[in-house]
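Residue numbers (the working numbering): 29 to 588. The block underneath contains the structure these notes are about, expressed in structure tokens.
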């Protein structure tokens, strides 16, 4: 195993929620657990007032964790006993995808049941959440549910206000209880103790609780996976082919895995708390993540490691034939209609815009393994503006579709830098040892191929066989043998987008680049950096390293 050049990242923290107690400082990503539901209650469709036995929901969402790094998904170098328990005593979903692989728009899809291209400003990262879009948590609260959260809710961005009151998009925040974290990169939020406090105060009412862990969002304590997690670099059985396989990258992956284990440990304590109170049987527990791992060519991209999310759901009173593995494609837009149905709230009782997603209740009620609902045979993906730092405040718009084993990607502005501009530090990629290694290899002349895979410009179309090439390395878009299938996927994708009113298909798509950020200091950041107005831009963009900023503009195409 070779050793690569390394620059350690500096910590970058964000805050979570509107709290009635002091707020904890947190990293911006999370996993989710959902608790509580009874099938007979879902049948209470159109009634606002439901029986006293209305189910509870515990929704656990990790911050920046890919599907591939949970035990039930086959990972052997990350231990996730709580996730694995929920999967084995409930359902394990093998094909869950977020429509948008960035925190704020991904979470907006969960809350609204709509794709990010249907959400105006909320389709962007670090935005102002539009008041016109109601969220399922507000509907649950108006329907008699207690709604609360700990950790990271919808973020980062400005949730806005309605009638002069700040919106609590994931409910009242419980952040009071703190602990001493095992590393400097892990939050001091005692998530499970805050959940216990919420249960103490719930008074027997039905509830929805959002546990948004800020792990494994960066930054990490370098070497913690080895020193505190007890792992060895050789424990990793697969380093994605688009990164160098070296000591620094493997340690970076182990540090990431250690934070997933921390997130999972709090879920285990929450399950134990529900058991102690005899509440687990009537709680739907759902565990997922908001987007892929915070590494180059993963988070904020449109590949397998970007969008493919872990998903397990357990509901002792409601899931038929537990222990099943589900192959149906499930999208984050399906969560909102599922939760509303589970809680007995009908379509006409919500203040939400029309929901695009479909409830997964038929899967929960079925006893089938594998493919349950025949129409769940594809998934739609996309992206608009993530972090700032491109000329004219531009994003990097993408639309994509997975059908069967094929992933088709349409990069709508292929002349732009997919990871952000070199002059502003490739801001769509978090600072990390892996990013530093790739940049140093490019700048030293050792290899430009890894740089091209993560930072270099891309063609307008890409096509990958996920079964044969899950790392998405071999682009088949110009292979004549796949021409007919590529064209069919393109037509299917754009027919669906047009039905959904996507501005990129019906006109005015560049509106996404005109929406303001949540604060004015981000506007025209690129222009202010290159003009010299901003002298030390890395002091504002704390999620990347000073060395990530290129003092030169590298060639857009790099040979391997």
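Ideal placement from N, C-alpha and C gives every residue a C-beta, glycine not left out. As the structure is a prediction and not an experimental result, all values here were calculated from the model.
Next on the checklist: For the alpha helix (DSSP H) containing residue 172, name the first residue and the last one.
Outcome noted: Position 144 of the chain shown, counted from the start, is the residue given in the question as residue 172. No alpha helix (DSSP H) holds residue 172; DSSP gives it neither H nor E.
Item to check | residue 218 versus 195, 199, 186 and 290, residue with shortest Cα-Cα distance | outcome: Along the chain shown, read from residue 1 onward, the residue named residue 218 stands at position 190. Comparing Cα positions, the closest option is 290.
Checklist entry - Who are residue 311's beta bridge partners in DSSP? => result As a working note, residue 311 is residue 283 in the chain shown. Note: residue 311 sits in a beta bridge opposite 84.
Next on the checklist: If I measure Cβ to Cβ from residue 584 and keep anything under 6 Å in the same chain, skipping five residues before and after, which residues do I get?
Outcome noted: Here residue 584 corresponds to residue number 556 of the chain shown, with the count starting at 1. Because residue 584 carries a pLDDT of 44, less than 50, the predicted location of this residue cannot be relied on, and no value is offered for it.
Checklist entry - Are there three or more Cβ pairs, one per stretch, closer than 8 Å when the stretch 436-456 is compared with the stretch 183-190? => result When C-beta atoms of the stretch 436-456 are compared with those of the stretch 183-190, fewer than three pairs fall below 8 Å, so the two segments do not count as touching.
Item to check | Which of helix, strand or coil DSSP assigns to residue 148 | outcome: On the chain shown, residue 148 is found 120 positions in, with the first residue counted as 1. Residue state, collapsed to three classes: helix.
Checklist entry - Can you tell me whether residue 288 is buried or exposed, with buried defined as 16 or more other CB within 10 angstroms of its CB? => result Position 260 of the chain shown, counted from the start, is the residue given in the question as residue 288. Looking at its Cβ environment, which holds 16 or more other Cβ atoms inside 10 Å, residue 288 is buried.
Next on the checklist: So, with DSSP's three-state summary, where would you put residue 50?
Outcome noted: One-based indexing of the chain shown puts residue 50 at position 22. Residue placement at residue 50 is flagged as unreliable, the pLDDT there being 37, under the threshold of 50; a coordinate-derived value is accordingly withheld.
Item to check | Pick from 176, 502, 529 and 457 that is closest to residue 434, judged by C-alpha positions | outcome: The residue you call residue 434 lines up with position 406 of the chain shown. Of the listed residues, the one whose Cα sits closest to residue 434 is 502.
Checklist entry - Do the CB positions of residue 163 and residue 197 come within less than 8 Å of each other? => result Indexing the chain shown from 1 puts residue 163 at position 135. Indexing the chain shown from 1 puts residue 197 at position 169. Yes, Cβ-Cβ distance for residue 163 and residue 197 is below 8 Å.
Item to check | Counted within 10 angstroms of its Cβ, other Cβ atoms place residue 417 as buried (16 or more) or exposed | outcome: In the chain shown, counting from the first residue as 1, residue 417 sits at position 389. So residue 417 counts as buried.
Item to check | Straight-line Cα distance separating residue 431 from residue 141 | outcome: As a first step, residue 141 is located in the chain shown; it is residue number 113 there, counting from the start. As a first step, residue 431 is located in the chain shown; it is residue number 403 there, counting from the start. In a straight line, the C-alpha of residue 141 is about 21 Å away from that of residue 431.
Next on the checklist: What does the Cβ neighbour count give for residue 407, buried or exposed, with the cut at 16 atoms within 10 Å?
Outcome noted: Against the chain shown, residue 407 aligns to sequence position 379. Buried is the call here.
Checklist entry - Which whole runs of the alpha helix (DSSP H) in the stretch 209-252 are 4 residues long or more, in chain order? => result The stretch 209-252 contains these whole alpha helix (DSSP H) runs: 219-229.
Checklist entry - Which stretch, first to last residue, makes up the alpha helix (DSSP H) that contains residue 96? => result Locating residue 96 in the chain shown gives position 68, where the first residue counts as 1. Counting along the chain, residue 96 falls outside any alpha helix (DSSP H), and DSSP gives it neither H nor E.
Checklist entry - How would you label residue 166, buried or exposed, when you count the other beta carbons within 10 angstroms and need 16 or more for buried? => result Taking the chain shown and counting its residues from 1, one reaches residue 166 at position 138. Around the beta-carbon of residue 166, 16 or more other beta-carbon atoms lie within 10 Å, marking it buried.
Checklist entry - What is the DSSP secondary structure of residue 194, reduced to helix, strand or coil? => result Stepping through the chain shown from its first residue, residue 194 is reached at position 166. Per DSSP, reduced to three states, the secondary structure at residue 194 is strand.
Checklist entry - Comparing alpha-carbon positions, which option in 226, 193 and 191 lies nearest residue 205? => result Start at 1 with the first residue of the chain shown, and residue 205 comes out as number 177. The shortest C-alpha to C-alpha distance from residue 205 to any of 226, 193 and 191 is the one to 226.
Checklist entry - Around the Cβ of residue 74, are there at least 16 other Cβ atoms within 10 angstroms (buried) or fewer (exposed)? => result Taking the first residue of the chain shown as position 1, residue 74 is located at position 46. With a pLDDT of only 36 at residue 74, under the threshold of 50, the placement of this residue in the model should not be trusted, and no figure is reported.
Checklist entry - Can you name, in chain order, every residue of its own chain whose Cβ lies under 7 Å from the Cβ of residue 104, other than the five neighbours on each side? => result Here residue 104 corresponds to residue number 76 of the chain shown, with the count starting at 1. The residues 265, in chain order, have a CB closer than 7 Å to that of residue 104 in the same chain once the five nearest residues on each side in sequence are set aside.
Checklist entry - Would residue 473 pass as a contact of residue 576 if the rule is Cβ separation under 8 Å? => result For the purposes of this step, residue 473 is taken as the residue at position 445 of the chain shown. For the purposes of this step, residue 576 is taken as the residue at position 548 of the chain shown. Not a contact, by the Cβ cut-off of 8 Å.
Item to check | Other residues of its chain near residue 578: CB distance less than 7 Å, five sequence neighbours each side excluded | outcome: Counting from 1 along the chain shown, the entry for residue 578 is found at position 550. For residue 578, where only same-chain residues beyond five positions count, the Cβ hits under 7 Å are 450 and 451.
Next on the checklist: Tell me whether residue 483, by its Cβ, gets closer than 7 Å to a heavy atom of the ligand MG.
Outcome noted: Ligands displayed in this structure: none; no statement on the ligand MG is therefore possible.
Next on the checklist: Is it buried or exposed, residue 207, if we count other Cβ atoms within 10 angstroms and call 16 or more buried?
Outcome noted: The sequence position of residue 207 within the chain shown is 179, counting from 1. Its Cβ having fewer than 16 others within 10 Å, residue 207 is exposed.
Next on the checklist: Taking 7 Å as the limit between beta carbons, can you name the residues of its chain near residue 366, skipping five residues before and five after?
Outcome noted: Taking the first residue of the chain shown as 1, we reach residue 366 at position 338. Once the five neighbours on either side are set aside, the close Cβ partners of residue 366 are 387, 388 and 389.
Checklist entry - For the beta strand (DSSP E) that residue 490 lies in, which residues bound it at each end? => result Counting from one through the chain shown, the residue named residue 490 turns up at place 462. In this chain, the beta strand (DSSP E) harbouring residue 490 covers 489-493.
Checklist entry - For residue 190, does the count of other Cβ atoms within 10 angstroms reach 16, so buried, or fall short, so exposed? => result Start at 1 with the first residue of the chain shown, and residue 190 comes out as number 162. Per the 10 Å Cβ criterion, exposed.
Item to check | Alpha-carbon spacing of residue 514 relative to residue 522, whole angstroms | outcome: To locate residue 514, count along the chain shown from 1; it is residue 486. To locate residue 522, count along the chain shown from 1; it is residue 494. Approximately 12 Å between the Cα atoms of the pair.
Next on the checklist: Please state the DSSP three-state secondary structure of residue 371.
Outcome noted: Residue mapping note: residue 371 aligns to position 343 of the chain shown, counting from 1. Here residue 371 sits in coil by DSSP.
Checklist entry - How would you write the range of the beta strand (DSSP E) that residue 426 sits in, first residue to last? => result Taking the chain shown and counting its residues from 1, one reaches residue 426 at position 398. Per DSSP, residue 426 belongs to the beta strand (DSSP E) from 426-431.
Next on the checklist: residue 126 and residue 337 - do their beta-carbons sit closer together than 8 Å?
Outcome noted: The residue you call residue 337 lines up with position 309 of the chain shown. The residue you call residue 126 lines up with position 98 of the chain shown. Yes, the pair counts as a contact, with Cβ atoms nearer than the cut-off.
Next on the checklist: Does the contact criterion of 3 or more C-beta pairs under 8 Å hold for the stretch 358-365 versus the stretch 374-387?
Outcome noted: Contact annotation: the stretch 358-365 touches the stretch 374-387, with at least three C-beta pairs closer than 8 Å.
Checklist entry - Excluding five sequence neighbours on each side, which residues of the same chain lie with their C-beta closer than 6 Å to the C-beta of residue 412? => result Along the chain shown, one-based indexing puts residue 412 at 384. Excluding the 5 residues flanking it on each side, residue 412 has same chain C-beta neighbours closer than 6 Å at 151, 152, 423, 425 and 540, in chain order.
Checklist entry - Can you name, in chain order, every residue of its own chain whose Cβ lies under 8 Å from the Cβ of residue 532, other than the five neighbours on each side? => result Locating residue 532 in the chain shown gives position 504, counting from the first residue. Result list for residue 532: 145, 425, 427, 440 and 525, in chain order.
Checklist entry - From 499, 234 and 341, pick the residue whose C-alpha is nearest to that of residue 173; which is it? => result Working through the chain shown from its first residue, we reach residue 173 at position 145. Minimum Cα distance to residue 173 is reached at 234.
Item to check | Spatial distance of residue 361 from residue 133 (CA atoms) | outcome: Taking the chain shown and counting its residues from 1, one reaches residue 361 at position 333. Taking the chain shown and counting its residues from 1, one reaches residue 133 at position 105. C-alpha separation (whole angstroms): 11 Å.
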